[in-house]
Amino acid sequence: MIMKKFIQKTVILFLLISLVPQMTFAQFVRENNFVDKKGAERTANIKKFQATMNIPISGTLDNKTKEALYNKDYKVWDMVTNPPSKGYWIAVNKSRRILTMYMGDKSLGKYPVTLGTSATQTPSGRGKIGNMHKNPAWGGMNGKYKPVAADDPKNPLGERWMGLSLKGFSGYGIHGNIKPHQIGGYYSNGCIRMFNYDIEEAVFPQMKIGNPVWIGTDTELESWGLYQFSKVEKDKAVEKPQVTQQNQINDVENEEKIENYQAVDLFEY
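Going by mature numbering (1 follows the signal peptide of the UniProt record, and there is no 0), the letters in the sequence shown line up with residues -26 to -1, 1 to 243, in that order.
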């Protein structure tokens, strides 16, 4: 009996010792707010995590997201060789479905967005914010749909609209949404949709009419001097590209703040 108890204690002690390395050296997990969530909240928080890490938005724990989540050497780069303004400005990455708010060359926040479908693509270009509206009415796309009044829960613009001034294009804007499950995909008629809390609480309050807006793919943004990517950093850090004449842009002037402005002629393109 004594020998049996001794053997049992020895086995238990051996098991405890074998578990010590696992308990002491727990797997690295990057700070996040989705591992303990379920359903739509989990998906939305994964999208926000992906935006923060410069990962193309999917809303799922794909391989790239798992790598960022569990590898402590995973790094994010946001490099601007010559920003269009020393103040606030926006870049929309069409390859990654991410909107980034900058001040000069510093990234202040990154947000997942919905972009246009293959048939109704979001245009590329370097423009500026042309108008800003709180509680906008929706015009119905020039008669294609029935117009929707401001503050209507069916209004596809949400509660905020930032109209874009882009050479060769009109009617496009950055706005809220009524279909949050579509954030991160290509579903719109060309406009850029954000989670309502992102545009209402983070982006809209900082913007002014005239603030620069860049919209493009990875390749287009890089041709303008903006580099957004992420990967595991194995060796030396990535150096910031040199400023070239090609991507040198002057500051945008004539910035005007707007608080409340009702409109009935906004279209979701």
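Glycine is no exception: its CB is placed at the ideal position from the N, C-alpha and C atoms.
Quantities reported herein were computed from a predicted structural model and do not represent experimental measurements.
**Prompt:** Would you report the Cα separation of residue 102 and residue 139, rounded to the nearest angstrom?
**Reply:** 5 Å
**Request:** Using the Cα positions of residue 108 and residue 135, report the straight-line distance between them to the nearest angstrom.
**Result:** 7 Å
**Asked** With 16 other CB atoms within 10 Å as the buried threshold, where does residue 122 fall?
**Response** buried
**Asked** Using the rule of at least 16 other Cβ atoms within 10 Å of the residue's Cβ for burial, across every protein chain shown, is residue 250 buried or exposed?
**Response** Absent from the structure is residue 250, since the part of the chain shown begins at -26 and ends at 243.
**Message:** Using a 10 Å radius around the Cβ and a threshold of 16 neighbouring Cβ atoms, would you call residue 82 buried or exposed?
**Reply:** exposed
**Prompt:** Whose C-alpha, out of 165, 174 and 57, is nearest the C-alpha of residue 87?
**Reply:** Nearest of 165, 174 and 57 to residue 87, Cα basis: 165.
**Message:** Using only the alpha-carbon positions, how far apart do residue 141 and residue 152 sit?
**Reply:** 28 Å
**Span separating the alpha-carbon of residue 76 from that of residue 114** = One C-alpha to the other measures close to 32 Å.
**Request:** Could you give the DSSP three-state label for residue 67: helix, strand or coil?
**Result:** Note: residue 67 maps to strand in three-state DSSP.
**Message:** Which residue wins for smallest C-alpha separation from residue 58, given the options 194, 197, 43 and 78?
**Reply:** 78
**Request:** Indicate the three-state DSSP secondary structure (helix, strand or coil) for residue 206 in the structure shown.
**Result:** strand
**Asked** Are the region 188 to 203 and the region 168 to 177 touching by the rule of at least three beta carbon pairs closer than 8 Å?
**Response** Short answer: they don't touch.
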